[in-house]
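Protein chains in written order, with our numbering: chain G, 32 to 147; chain A, 40 to 867. We put the CB at the ideal spot given by N, CA and C, even for glycine. Computed from a prediction, not measured in an experiment: that's the story for all the values here.
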Amino acid sequence: MEVLTDLEWVLACYADDVPENGGACIKHGAEQIAIYNFARRGEWYATQNLCPHKQQMVLSRGMIGSAGESCEPKVACPFHKKTFSLLSGECLSGDDYTIKTYPVKVVDGRVYIGVI
Amino acid sequence: MKSVVVVVGNGMVSHKFCEKLVAKSSNHQIVVFGEEPRRAYDRVHLSEYFAGKTAEDLSMSQASWYADHGIELYLGDPVQEINRQQKTVHSLSGVTVRYDYLVLATGSGAFVPNIPGVEKQGVFVYRTIDDLDRIKAYAANAKSGVVMGGGLLGLEAAKALIDLGIGQTHVVEFAPRLMPRQVDAGGSAMLQAKLNQLGLQIHLNKSTSCIEGAEHITGLRFSDDSLLETDMLVISAGIRPRDELARLSGLDVGVRGGVIVNARMQTNDPAVFAIGECALSDGMIYGLVAPGYDMAEVVVAQLAGNDREFNGFDMSTKLKLIGVDVASFGDAFISEPDCRTIVFEDTHKGIYKRINFSNDGRHLLGGILIGDADAYNMLLQTVNNKLALPPDPEDMILGARGSAATEGAGVMSLPDDALICSCEAVSKGNICGAVNDGALTIDEVKKCTGAGTGCGGCMPMVKDLIAGTMKANGQYIKNVICEHFAYSRQELYDLVKINKLKNYDLILDHYGKGDGCEVCKPLVASILSSLWNDLVVKQDTIQDSNDRYLANIQKGGTYSVVPRIPGGEITPEKLIVIGLVAQKYGLYTKITGGQRIDMFGAHVSDLPNIWEALIDAGFESGHAYGKSLRTVKSCVGSTWCRFGLHDSVSFAIEIEERYKGLRSPHKLKGGVSGCIRECAEAQGKDFGIIATEKGWNLYVCGNGGSKPQHAQLIAADIDSKTCIQYLDRFLMFYIKTADPLTRTATWLNKLEGGISYLKNVVVNDSLGIAAQLEEEMQLLVDSFHCEWKEVVNNPQLRKRFTHFVNAPEEKDPNVKFESMREQVKASW
């Protein structure tokens, strides 16, 4: 966790920009970042918006949910339903991809993302 | 140092040998020479080549299989010479390889009888894909064709000619019956009757004396001097082992051909083996693939240092010949007084069954089945395992009339070493063991035992064994939605309905666990829509992506837009609007299969504007994105068509308007045709309506797609009102009971009782729910709303249609187009 100290928190959007239990995409420089408002759990997550399977900029439009007894939070790509852990970015559908994840915090209705 | 194994020939048995050897040992360097230009292919299913399969489909292996396993493969390069002193082989192209072991798998060739004229053009043999290509090319100009030989291969060849569209196909057989090796006179007569019905003409007891014609064949002259005119001839009169190479190298061969081998498949040179159809074992050539595989196994065992022998092989077979079941098992021809025989004959259905059993009535010895071979597996097992016969042996072929014995119980009573899959030598014990170890589906069992990966004939037994073993273990297979809901779709549908629940999270809290997923969310969304028809945009994040954005996501992340065009009828004014909208937003336009116009390449942020323009011109959503009613296709009908009986367009529009927006377990398509010519292809739809002189015929549960299926007639000559009433009941019954993502065709196939049960429910109201179904449907019809309109008129909803929430005016810069035929396509 030592890298956390080097994080820069950038304002991504407002909390009500992201639908409850769904995602939205923000632009950060040339990067596209998907932000998920996991309202059912009171949690927020962020990942890259690109699905590595077919290189589509769509993860923010995917459905979120949980996997397994440990309730690992996940997102499913709307294209071919590849699922990814919102914690580790690991592909949960048995493929060898990992997506980038970002720390998120919400302060006073503003959503911040930690970027390095 | 690895020992070198050279395999001569690359047919099915050669391939299986390589597979088995690499699986068992890594101490061998394998080199394979094949005469044909392609890798080993499935010769058993050769006739499927004419039914649409490609050479690659028939191939036994992936293109890289040999290389992946370190096997040197020379194709189109037959071995010409074997030097047994130096232990080398020389191929046509000049390759010389030294071997430690040599395996002859040269197979067999077609036997061509010595009849004057066999060299004429239009005379073929039926053996390889190259033969098939030649037959196919010639058949294009042939109106009639003859197959010489009424055996198994001959009838396969006849099927191939029928598939090629030869109108007049004849089979000529020298013996007094068809399939003389497998079938008796009674069975042959029944088979002949069935084949005649299928348009095949059979000539028995015919000995061909010469082939007539100048350069090309024009007919066959028989020894009784009669003449059968034909444009082509396919000879399939038996096989001859390919033993010429063995002869040349001084190996012992049989008088009538075949490389002589001992029980270890060794020739008289202990370093040389022969397997498959070229091997003569105990005076017998085995012309089937399963014994060849067993021989391969025997040689692999020797090479791996184990001892195994080939002790003959059961030649029982079950096949489907031109759609007719034919099976022969055990001693099919033994007759009284050496045994007792029961024969069952049903000329109406074309069924012939014969069983031979021991004089003391205790054991089954063999038999023949024509027209219905469902009992084959069990009968064969009864012979091979010497199971006790029931007190009334006829029950074996007629079913236990009155008592409750089931076939599943029968399979489970087999001993553990009973051979279930003879292609891959898998026993009952292997299969049950795999189930006990956790393989609970057919695919899993196939994967870990290999059962059913050959001819597939044992699959029904494998299925019964899986079910039987699971039952014995107290396992219960329940059709649950996903890890979050331990209910079937139908159970959850009822729970949601009874408890009047309208919100996903609430339903998850009551009946599920965890936080849901991409399986249960859209499923619950579909149930909620089917029950209450609430706006899908109210709970947009539980919808599948297409339902969430009310458009179809396409390559590159743009969307396609399909406005509803009921029945495919559209005014010029509306056509112009579509053109203008597409022009304005740079959309690619295409006519869909459902008589509508699809506009592709819309950015998510343009969607509400596009819809607004379309709605202003009187369009509404076409629900092309939903698991819901898509279109009701129509032909032009009696208003314009000189054949039309009724106004199919008006009726199609009425029906499409009625069911538009109806959410269902899968998409729904309909069609209305104005006469029996069926231009709307209504019988390929989930529901199809065809005009008759007296009214409409209603068909249900048809499907195009990957597994096309014709819709089945559920009611004939009904009026429009009744037709809609039945449709209400049918659709609602489907929506309530189908598994998720199950089209009506699949649903019907799984429905116990099939179409007659469905007919009883829909037409005769056998469940007493017809009025309720109609009422539920009416509620949905009355609560229709255009989802596009809701978004267009709601600024909060509109806001969601942006790519970047922090830069709503910007579009996704990753979306790129290139031009093609004066339009755009996604750039990938």
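What residues of chain G sit near Asp851 (chain A), judged by a beta carbon separation below 7 Å?
Position 812 of the second sequence holds residue 851 (chain A). Met88, listed in chain order.
In chain A, which residues lie with their C-beta within 7 Å of the C-beta of Glu39 (chain G)?
In the first sequence, counting from the first residue as 1, residue 39 (chain G) sits at position 8. Residues of chain A passing the Cβ test: none, with the nearest at roughly 16 Å.
For the putative contact between Leu358 (chain A) and Leu191 (chain A), defined by C-beta atoms under 8 Å, what is the C-beta separation to the nearest angstrom?
Against the second sequence, residue 358 (chain A) aligns to sequence position 319. Against the second sequence, residue 191 (chain A) aligns to sequence position 152. 7 Å between Cβ atoms; contact.
Is the beta carbon of Met354 (chain A) closer than 8 Å to that of Met334 (chain A)?
To locate residue 334 (chain A), count along the second sequence from 1; it is residue 295. To locate residue 354 (chain A), count along the second sequence from 1; it is residue 315. For Met334 (chain A) and Met354 (chain A), no; Cβs fall outside 8 Å.
Give a yes or no on whether the minimum CB-CB distance between His842 (chain A) and chain G is below 8 Å.
Against the second sequence, residue 842 (chain A) aligns to sequence position 803. Yes, because at least one Cβ of chain G sits closer than 8 Å to the Cβ of His842 (chain A).
Could one say the Cβ of Lys58 (chain G) lies closer than 8 Å to chain A's Cβ atoms, at least one of them?
The sequence position of residue 58 (chain G) within the first sequence is 27, counting from 1. Judged by the 8 Å Cβ criterion, Lys58 (chain G) is in contact with chain A.
Of the choices A:Lys388, A:Asp385 and A:Leu418, whose alpha-carbon is the least far from that of Phe396 (chain A)?
Locating residue 396 (chain A) in the second sequence gives position 357, counting from the first residue. Taking only the C-alpha atoms, the option nearest Phe396 (chain A) is A:Leu418.
Please report the residue range of the alpha helix (DSSP H) in which His54 (chain A) lies.
For the purposes of this step, residue 54 (chain A) is taken as residue 15 along the second sequence, with counting starting at 1. Where His54 (chain A) is concerned, the enclosing alpha helix (DSSP H) stretches over Met51 to Lys63.
Note down, in chain order, every chain G residue with its Cβ under 7 Å from the Cβ of Lys541 (chain A).
As a first step, residue 541 (chain A) must be located in the second sequence, where it is residue number 502. Near Lys541 (chain A) there are no residues of chain G at all, since even the closest Cβ is about 16 Å away, more than 7 Å.
Closer than 9 Å by beta-carbon distance: list the chain A residues that pair up with Arg71 (chain G), in chain order.
Residue mapping note: residue 71 (chain G) aligns to position 40 of the first sequence, counting from 1. Going along chain A in sequence order, the residues near Arg71 (chain G) (Cβ under 9 Å) are Asp544, Leu547, Asp554 and Gly555.
For Gly606 (chain A) and His662 (chain A), I'd like the C-alpha separation in whole angstroms.
Along the second sequence, one-based indexing puts residue 606 (chain A) at 567. Along the second sequence, one-based indexing puts residue 662 (chain A) at 623. Using only the alpha carbons, I get a separation of about 14 Å.
For the alpha helix (DSSP H) that Ser130 (chain A) lies in, which residues bound it at each end?
Along the second sequence, one-based indexing puts residue 130 (chain A) at 91. Careful: Ser130 (chain A) lies outside any alpha helix (DSSP H), inside the beta strand (DSSP E) at Thr127 to Ser130.
My guess is that Lys182 (chain A) and Asp270 (chain A) are in contact by the Cβ rule of under 8 Å, so how many angstroms apart are they, rounded?
Indexing the second sequence from 1 puts residue 182 (chain A) at position 143. Indexing the second sequence from 1 puts residue 270 (chain A) at position 231. Indeed, because the Cβ distance is near 6 Å, the residues count as touching under 8 Å.
Can you give the Cα-Cα distance for Asp370 (chain A) and Tyr332 (chain A), rounded to whole angstroms?
Indexing the second sequence from 1 puts residue 370 (chain A) at position 331. Indexing the second sequence from 1 puts residue 332 (chain A) at position 293. About 22 Å.
Could you tell me which chain G residues have their CB closer than 9 Å to the CB of Asp579 (chain A), listed as they occur along the chain?
Within the second sequence, the letter at position 540 stands for residue 579 (chain A). Those within 9 Å of Asp579 (chain A) in chain G are Pro50 and Gly53.
Give the secondary structure of Leu626 (chain A) by DSSP, where H, G and I count as helix, E and B as strand, and everything else as coil.
For this step, residue 626 (chain A) is matched to residue 587 along the second sequence. Reduced to three states, the DSSP call for Leu626 (chain A) is coil.
Would you kindly work out how many angstroms separate the C-alpha atoms of Asp413 (chain A) and Leu234 (chain A), rounded to a whole number?
Residue 413 (chain A) sits at position 374 when you count from the first residue of the second sequence. Residue 234 (chain A) sits at position 195 when you count from the first residue of the second sequence. Roughly 19 Å separates the two Cα atoms.
Note down, in chain order, every chain A residue with its Cβ under 9 Å from the Cβ of Arg92 (chain G).
Position 61 of the first sequence holds residue 92 (chain G). Those are Ser584, Arg587, Tyr588, Ile592, Gly596 and Val643, listed as they occur along chain A.
Verify the CB distance criterion: does Ser116 (chain G) have a CB-CB separation below 8 Å to chain A?
One-based indexing of the first sequence puts residue 116 (chain G) at position 85. Judged by the 8 Å Cβ criterion, Ser116 (chain G) is not in contact with chain A.
Using 10 angstroms around the beta-carbon of Thr145 (chain A), count the other beta-carbons present and answer buried if the total reaches 16, otherwise exposed.
Position 106 of the second sequence holds residue 145 (chain A). Classification of Thr145 (chain A): buried, given that the 10 Å Cβ count is 16 or more.
Listed from N- to C-terminal order along the chain, which residues in the segment 117-145 of chain G have their beta-carbon within a distance smaller than 7 Å of any beta-carbon of chain A?
Going along the segment 117-145 of chain G in chain order, one finds no residue with a Cβ nearer than 7 Å to chain A.
Is Phe383 (chain A) closer than 8 Å to Tyr415 (chain A) when the C-beta atoms are compared?
Working through the second sequence from its first residue, we reach residue 415 (chain A) at position 376. Working through the second sequence from its first residue, we reach residue 383 (chain A) at position 344. Going by C-beta atoms, Tyr415 (chain A) is not nearer than 8 Å to Phe383 (chain A).
Output, in chain order, the set of chain A residues within a Cβ distance shorter than 8 Å of Ala107 (chain G).
Along the first sequence, read from residue 1 onward, the residue named residue 107 (chain G) stands at position 76. Result: Cys556 and Glu557.
Within a Cβ cutoff of 8 Å, which residues of the same chain sit near Ile592 (chain A), ignoring the five residues on either side of it in sequence?
As a first step, residue 592 (chain A) must be located in the second sequence, where it is residue number 553. Excluding sequence neighbours, Ile592 (chain A) sits near Ser584, Asn585 and Tyr598.
Determine the direct distance from the alpha carbon of Pro430 (chain A) to that of Asn398 (chain A), and round the result to whole angstroms.
Here residue 398 (chain A) is taken as the residue at index 359 of the second sequence, counted from 1. Here residue 430 (chain A) is taken as the residue at index 391 of the second sequence, counted from 1. Computed Cα separation, rounded: 13 Å.
So, does the CB of Lys113 (chain G) fall closer than 8 Å to a CB anywhere in chain A?
Locating residue 113 (chain G) in the first sequence gives position 82, counting from the first residue. Output row for Lys113 (chain G): interface = no.
From the DSSP secondary-structure annotation, give me the bridge partner or partners of Ile592 (chain A).
Your numbering for residue 592 (chain A) matches position 553 in the second sequence. The partner list for Ile592 (chain A) (beta bridge, DSSP) reads A:Tyr598.
Check whether the segment 243-251 of chain A touches the segment 197-217 of chain A, counting contact only when three or more Cβ pairs, one atom from each stretch, lie closer than 8 Å.
Because the criterion of three Cβ pairs below 8 Å is met, the segment 243-251 of chain A and the segment 197-217 of chain A touch.
Could you check the C-alpha separation between Ile130 (chain G) and Val844 (chain A) for me, to the nearest Å?
In the first sequence, residue 130 (chain G) corresponds to position 99, counting from 1. In the second sequence, residue 844 (chain A) corresponds to position 805, counting from 1. So the alpha carbons of these two residues sit roughly 21 Å apart.
State the Cα-Cα distance for the pair Leu194 (chain A) and Met229 (chain A), rounded to the nearest angstrom.
Within the second sequence, residue 194 (chain A) is the residue found at index 155, counting from 1. Within the second sequence, residue 229 (chain A) is the residue found at index 190, counting from 1. So the alpha carbons of these two residues sit roughly 15 Å apart.
With a CB to CB cut of under 6 Å and the five nearest residues on each side skipped, what residues in its chain are close to Thr776 (chain A)?
As a working note, residue 776 (chain A) is residue 737 in the second sequence. Around Thr776 (chain A): Gln529.
Should Leu131 (chain A) and Arg78 (chain A) be called a contact, given that it needs their Cβ atoms to be closer than 8 Å?
Against the second sequence, residue 131 (chain A) aligns to sequence position 92. Against the second sequence, residue 78 (chain A) aligns to sequence position 39. No, the Cβ-Cβ distance between Leu131 (chain A) and Arg78 (chain A) is not below 8 Å.
For Ser147 (chain A) versus Arg295 (chain A), is the C-beta distance shorter than 8 Å?
Counted from its first residue, the second sequence places residue 147 (chain A) at position 108. Counted from its first residue, the second sequence places residue 295 (chain A) at position 256. No, these two residues do not count as a Cβ contact at 8 Å.
In the DSSP assignment, find the beta strand (DSSP E) that holds Pro834 (chain A) and state where it starts and stops.
Sequence index remark: in the second sequence, residue 834 (chain A) carries index 795 (1-based). Looking at the DSSP string, Pro834 (chain A) is not in any beta strand (DSSP E); the run it does join, the alpha helix (DSSP H), is Pro834 to Arg837.
Is it the case that the Cβ atoms of Leu684 (chain A) and Glu732 (chain A) are separated by a distance below 8 Å?
For the purposes of this step, residue 684 (chain A) is taken as residue 645 along the second sequence, with counting starting at 1. For the purposes of this step, residue 732 (chain A) is taken as residue 693 along the second sequence, with counting starting at 1. The answer is yes: Cβ separation under 8 Å.
Under 8 Å, do Ile520 (chain A) and Val558 (chain A) count as touching if we go by C-beta distance?
As a working mapping, residue 520 (chain A) is identified with position 481 in the second sequence. As a working mapping, residue 558 (chain A) is identified with position 519 in the second sequence. Against a cut-off of 8 Å, the Cβ pair of Val558 (chain A) and Ile520 (chain A) comes out as a contact.
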